[in-house]
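Residue 127 in numbering that gives the first Met the number 0 is what sits at position 128 of the sequence shown, and the numbering runs on without skipping anything.
We treat Cβ as the ideally placed atom computed from N, Cα and C, and that holds for glycine.
A short worksheet on the structure shown next.
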Amino acid sequence: MQAVCIDIWPAFENSVRKHAPQAEIVSNKFHIAKHLNDTVHKVRRAEHKELKAKGDHRLTGTRQLWLFHPENLGDSRQDEFTQLRNQQRQTSRAWAIKHDFRWFREYPDADSAREFFEDWYSWPTRPRLPPVNGVATRLRERPENILTCFRHHTSNPSAEGSHSRIQSIQANAHGFRNFRHYRIRILFFCGKFKLPPAID
0 MQAVCIDIWP AFENSVRKHA PQAEIVSNKF HIAKHLNDTV HKVRRAEHKE
50 LKAKGDHRLT GTRQLWLFHP ENLGDSRQDE FTQLRNQQRQ TSRAWAIKHD
100 FRWFREYPDA DSAREFFEDW YSWPTRPRLP PVNGVATRLR ERPENILTCF
150 RHHTSNPSAE GSHSRIQSIQ ANAHGFRNFR HYRIRILFFC GKFKLPPAID
């Protein structure tokens, strides 16, 4: 095994170091994007609460605006988002930090990406936004894990899809009293078995 693509949480890295010490760790770019999106949501929620206490409802109903790419919004919502973004609130700064990180994946090699990351990292450490600072610090602690994606072009959407399917199986059954039944259900729905009808 040459590489393992995982989330950026330390528990996953510790498990790989224990069970596959020879493998390089690749931080999943989709999970990084999700964590950065989550930081924007946390900053928006805290700022929205603060503004509402003052009778200001400008952030009401804007959650999805900060999560979608501006090009995927309709014209009217693009105008609304542009006005909000230009107000230089905490949420708009968190969004700009998240949005700027997308260029990391566009660099042709690890060396140029490293230079970009060092410049980018100095940005989220300045605005004093704890959720953003937390994710940026976690990335900064293991920069080699996000740079390995330039050597190993790997990701794990199929594993994530299977995990989501397993969660749905458990939720639809409202839990299982017997692990054997749970395992059979997972193998049946996720194992891609072909079960033609029996013909007498």
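- As summarised for the segment 97–174, there are no continuous beta strand (DSSP E) elements at least 3 residues long confined to that stretch.
- Note on geometry: alpha-carbon atoms of A32 and E12 lie some 18 Å from one another.
- Here the alpha carbon of Y181 sits roughly 43 Å from the alpha carbon of L58.
- The criterion of a C-beta distance shorter than 8 Å is satisfied by V25 and N144.
- Classified as buried, P130 has 16 or more neighbouring CB atoms from the shown chains inside 10 Å of its CB.
- Straight through space, the alpha carbons of L186 and Q89 are spaced by roughly 47 Å.
- Judged by DSSP secondary structure, E23 falls outside any alpha helix (DSSP H) and instead within the beta strand (DSSP E) spanning 23–26.
- With the rule of 3 Cβ pairs closer than 8 Å, the segment 135–144 counts as touching the segment 111–120.
- Contact check for A93 and F149: beta-carbon distance about 27 Å, past the 8 Å limit, so the pair fails to qualify.
- Following the DSSP letters along the chain, one finds A10 inside the alpha helix (DSSP H) bounded by residues 9–18.
- Annotated three-state conformation of A2 is strand, per DSSP.
- Here A93 carries a helix assignment [DSSP, helix/strand/coil].
- Three or more pairs of CB atoms, one per stretch, sit closer than 8 Å, so the segment 63–74 contacts the segment 35–54.
- Taking each of I165, N36, R16 in turn and checking the Cα distance to A95, the smallest one comes out for N36.
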